[in-house]
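Engineer: This is the structure I have questions about; it appears just below.
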Amino acid sequence: MEDLGIEAKEAAVREVAKLLPLPELLSSIASIKSDYLARQQTNDAQLSTMVAEQVEQAHAGINALALSQETINKLRENFIDIDKLCQECQTLIENHDKIKLLSNARNNLNTTLKDMGGMMSISVEAAAARDSLSNDKELIHTYERLTALDGKRRFALAAASSHKEEVGRLREYFEDVDRTWETFEKTLWSHISNFFKLSKERVVEMQEILDQQVAEEAAEAEGAGAMATITNQRRTAKYTSFPH
Numbered sequence: 039m040e041d042l043g044i045e046a047k048e049a050a051v052r053e054v055a056k057l058l059p060l061p062e063l064l065s066s067i068a069s070i071k072s073d074y075l076a077r078q079q080t081n082d083a084q085l086s087t088m089v090a091e092q093v094e095q096a097h098a099g100i101n102a103l104a105l106s107q108e109t110i111n112k113l114r115e116n117f118i119d120i121d122k123l124c125q126e127c128q129t130l131i132e133n134h135d136k137i138k139l140l141s142n143a144r145n146n147l148n149t150t151l152k153d154m155g156g157m158m159s160i161s162v163e164a165a166a167a168r169d170s171l172s173n174d175k176e177l178i179h180t181y182e183r184l185t186a187l188d189g190k191r192r193f194a195l196a197a198a199s200s201h202k203e204e205v206g207r208l209r210e211y212f213e214d215v216d217r218t219w220e221t222f223e224k225t226l227w228s229h230i231s232n233f234f235k236l237s238k239e240r241v242v243e244m245q246e247i248l249d250q251q252v253a254e255e256a257a258e259a260e261g262a263g264a265m266a267t268i269t270n271q272r273r274t275a276k277y278t279s280f281p282h
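Numbering (the working numbering), first residue to last: 39 to 282.
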């Protein structure tokens with residue numbers, strides 16, 4: 039350490055000797071010192087800037103390391119989850135047949151529940167159609183409801199065509215729809231019969247009115263002819279009573 043200090047002093051002396059080779063240059067020490075201070079301030083400013091940049095880069099590096107560590111931890115957790123899933127998948131593969139059976143049972147249950155809901159709605163719709171028969175203004179709506187129910191019945195029977203027992207049960211279930219159709223047809227034919235009867239009565243009534251009008255016109259025509267005959271007879275009598 040002492041050797042380094044001595045070398046530094048000697049280097050400084052040599053530097054001063056270079057700056058002040060002549061005694062008369064001692065008067066410029068003040069300006070040299072001022073220039074040195076200015077350079078020192080500039081160097082200090084540059085050094086401070088460099089240090090600040092290095093510190094900022096160090097902070098950024100630390101943040102990047104922290105983020106990387108967090109990402110690594112998440113990856114480790116994901117790998118652990120993947121291992122667990124792999125173990126579960128291994129169990130699923132071993133029980134694949136049982137799982138398939140359960141899945142089929144679940145699908146069949148959902149289909150059955152859906153069919154039951156459809157059957158219940160058919161019963162409700164049939165009852166609504168039957169109730170609407172009491173209102174003559176709802177005959178068209180009743181027909182539309184029964185037509186829709188008939189379409190559902192055909193679809194259900196076609197779907198169950200390969201199972202005779204199911205077809206038999208469905209036909210029994212749709213008996214309410216058939217009875218409603220029969221009631222609708224009877225009601226409709228009753229209205230048609232009433233319309234025919236009313237139309238016939240109206241035709242007879244119009245024919246009677248027409249016959250009466252014809253009779254009145256004929257009577258008026260006969261009355262006019264009789265009056266003309268009487269008038270002619272009177273004119274003839276007056277003409278013959280005058281002397282020739």
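Backbone N, C-alpha and C define an ideal beta-carbon position, used for all residues, glycine too. Computed from a predicted structure; not experimentally measured.
Give a yes or no on whether the C-beta atoms belonging to A167 and T180 are separated by under 7 angstroms.
Structural biologist: Looking up residue 167 in the sequence shown gives position 129. Looking up residue 180 in the sequence shown gives position 142. Result yes, Cβ atoms of A167 and T180 sit closer than 7 angstroms.
Engineer: Measure the beta-carbon distance from L177 to L226 and round it to whole angstroms, keeping in mind my assumption that it falls under 8 angstroms.
Structural biologist: Indexing the sequence shown from 1 puts residue 177 at position 139. Indexing the sequence shown from 1 puts residue 226 at position 188. Contact flag correct, Cβ pair sits at about 7 angstroms.
Engineer: Does the stretch 180 to 189 come close enough to the stretch 209 to 224 to have 3 or more Cβ pairs within less than 8 angstroms?
Structural biologist: Verdict: yes, contact present.
Engineer: If we ignore side chains and look at the alpha-carbon of each, how far apart do K122 and N116 end up?
Structural biologist: Translated into positions along the sequence shown, residue 122 becomes position 84. Translated into positions along the sequence shown, residue 116 becomes position 78. One C-alpha to the other measures close to 10 angstroms.
Engineer: With a cut-off of 8 angstroms on the beta carbons, I'd call R183 and F212 a contact; round off their distance for me.
Structural biologist: Counting from one through the sequence shown, the residue named residue 183 turns up at place 145. Counting from one through the sequence shown, the residue named residue 212 turns up at place 174. Incorrect: roughly 14 angstroms between the Cβ atoms, too far for contact.
Engineer: Is F212 helix, strand or coil by DSSP?
Structural biologist: Counting from 1 along the sequence shown, the entry for residue 212 is found at position 174. F212: coil per DSSP, three-state reduction.
Engineer: Can you give me the C-alpha to C-alpha distance between S172 and E243, rounded to a whole angstrom?
Structural biologist: Working through the sequence shown from its first residue, we reach residue 172 at position 134. Working through the sequence shown from its first residue, we reach residue 243 at position 205. Spanning the two alpha carbons is a distance of roughly 31 angstroms.
Engineer: Under a Cβ-count criterion, where at least 16 other Cβ atoms within 10 Å of its own Cβ denotes burial, should S228 be classed as buried or exposed?
Structural biologist: One-based indexing of the sequence shown puts residue 228 at position 190. Classification for S228: exposed.
Engineer: Give the DSSP-derived three-state secondary structure of N173 in the structure shown.
Structural biologist: In the sequence shown, counting from the first residue as 1, residue 173 sits at position 135. Note: N173 maps to coil in three-state DSSP.
Engineer: Can you give me the C-alpha to C-alpha distance between Y74 and T109, rounded to a whole angstrom?
Structural biologist: The count along the sequence shown starts at 1 and reaches residue 74 at position 36. The count along the sequence shown starts at 1 and reaches residue 109 at position 71. Spanning the two alpha carbons is a distance of roughly 51 angstroms.
Engineer: Label S170 either buried or exposed according to how many other C-beta atoms from any shown protein chain fall within 10 Å of its C-beta, with 16 as the threshold for buried.
Structural biologist: Taking the first residue of the sequence shown as position 1, residue 170 is located at position 132. Answer is buried; the Cβ neighbour count reaches 16.
Engineer: Does Q107 come within less than 7 angstroms of chain C when only Cβ atoms are used?
Structural biologist: Absent from the structure: chain C. Only one protein chain is present.
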